[in-house]
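Chemist: Sharing a structure with you now.
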Amino acid sequence: MAVEKRLAYSIVQFLRDQTHCGSLNSDEQESLEVAVQCLETTFKISSSDYHLATPQPLREIFLNSLLKNDIVSLPETFPSPEDIERAEQLKNEGNNHMKEENYSSAVDCYTKAIELDQRNAVYYCNRAAAHSKLGNYTEATGDCERAIAIDPSYSKAYGRMGLALTSMSKYPEAISYFNKALVLDPENDTYKSNLKIAEQKQKEASSPMARMSGMMSNAVGGPAAGVGGLSDISSLIEAGQQFAQQIQQQNPELIEQLRNHIRSRSFSGSAEEHS
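The letter at position 177 of the sequence shown is residue 177 when you use full-length UniProt numbering, and the numbering goes up by one with no holes.
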């Protein structure tokens, strides 16, 4: 049962990470919370069972497995010296396009280099950087995963994966990749700085007050805000409802205490009126 518990724990951690990714509506978040509670009850686990954690997040284990299978299916023939030389030329052209901020052209050059030499992790990692500049973060993470599968000691691939995941608001996963980059390159100040940024964003994302503040700012000072301030009172109401729901999920005891307090005050006020 130990293996099953560890798997269930990994699934629960994955689902919890998804609730913080910012792409789910309130109903979807609630559904995930129910799924988490069911798994925890069924397998008798909790988020504090750290001894059940695996060295790698479930998503990374899954993707690494897929990538390994993909690499096995690659042709066994190696590129010719001419292809390797041409691929390097294309990589350099892509690098020049990056400097000139011609990111789409850079993607094209790196892609052509990959077609000539599919086993070079640098080409995938460079293309990931270009995709990130274009906002194609899913493509960027895919290229980083391929680079890591080819060369697990390539720290830059972990760092760029962390940046893409941070842009996708997947902060726990980003933190994991930045930490791995630092294991491989402990003195890299860029990785250290990006790790701190991801940790701070994760802290802010997990704070109900911070989320409420963000919702309030959007409702009050958004681009559509008029001279009078609030552009859409429904946005403010929705922000309050979401905040209340988050508090209910994270601290139901506090909500119950507030309800009891309000009931007692209401009863007291009613008694005074009729005395």
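Glycine included, C-beta positions come from ideal geometry on N, C-alpha and C.
Using three-state DSSP, classify Gly-135 as helix, strand or coil.
Modeler: Here the question's residue 135 lines up with position 135 in the sequence shown. In the structure shown, Gly-135 sits in coil (DSSP, three-state: anything other than H, G, I, E or B).
Chemist: Answer yes or no: does any C-beta atom of chain C fall closer than 7 Å to that of Asp-27?
Modeler: In the displayed structure, chain C is absent; only one protein chain is listed.
Chemist: Measuring only the C-alpha atoms, how far is Ile-84 from Met-161?
Modeler: Residue numbering aside, residue 84 sits at position 84 when the sequence shown is read from its first letter. Residue numbering aside, residue 161 sits at position 161 when the sequence shown is read from its first letter. Going from the Cα of Ile-84 to the Cα of Met-161 covers about 26 Å.
Chemist: Tell me which same chain residues have a C-beta within less than 7 Å of the C-beta of Tyr-9, skipping the five on either side of it?
Modeler: To locate residue 9, count along the sequence shown from 1; it is residue 9. Hits under 7 Å: Ile-45, Asp-49, Leu-52, Ala-53.
Chemist: Using 10 angstroms around the beta-carbon of Lys-99, count the other beta-carbons present and answer buried if the total reaches 16, otherwise exposed.
Modeler: Here residue 99 refers to the residue found at position 99 of the sequence shown. Exposed, since its Cβ has fewer than 16 Cβ neighbours within 10 Å.
Chemist: Restricting to Cα atoms, I'd like to know which of Ser-153, Val-34, Ala-174, Val-36 is closest to Ala-121.
Modeler: Position 121 of the sequence shown, counted from the start, is the residue given in the question as residue 121. Looking at the Cα atoms, Ser-153 is the closest of the given residues.
Chemist: In terms of alpha-carbon separation, which member of Pro-57, Thr-77, Glu-139, Gln-89 lies closest to Ser-104?
Modeler: Along the sequence shown, read from residue 1 onward, the residue named residue 104 stands at position 104. That would be Glu-139, whose Cα lies nearest to the Cα of Ser-104.
Chemist: Kindly indicate which residue of Ile-114, Asn-95, Leu-116 has the alpha-carbon position closest to the one of Ala-106.
Modeler: Along the sequence shown, one-based indexing puts residue 106 at 106. Closest by alpha carbon: Asn-95.
Chemist: Am I right that Cys-144 and Ala-113 are in contact with their C-beta atoms under 8 Å? What's the rounded C-beta distance?
Modeler: Looking up residue 144 in the sequence shown gives position 144. Looking up residue 113 in the sequence shown gives position 113. The pair is not a contact, with the Cβ atoms about 16 Å apart (cut-off 8 Å).
Chemist: Where does Asn-95 sit, in a helix, a strand or coil, going by DSSP?
Modeler: Here residue 95 refers to the residue found at position 95 of the sequence shown. In this structure, Asn-95 counts as helix in the three-state DSSP scheme.
Chemist: Which residue comes first and which comes last in the alpha helix (DSSP H) that contains Ala-8?
Modeler: Reading the sequence shown from its first residue, position 8 is the one you call residue 8. Its alpha helix (DSSP H) spans residues 2-19.
Chemist: I'd like the list of long-range same chain contacts for Gly-159, defined as Cβ closer than 6 Å, with 5 residues on each side in sequence excluded.
Modeler: Counted from its first residue, the sequence shown places residue 159 at position 159. Excluding residues within five positions, the ones whose Cβ falls inside 6 Å are Ala-181, Tyr-191.
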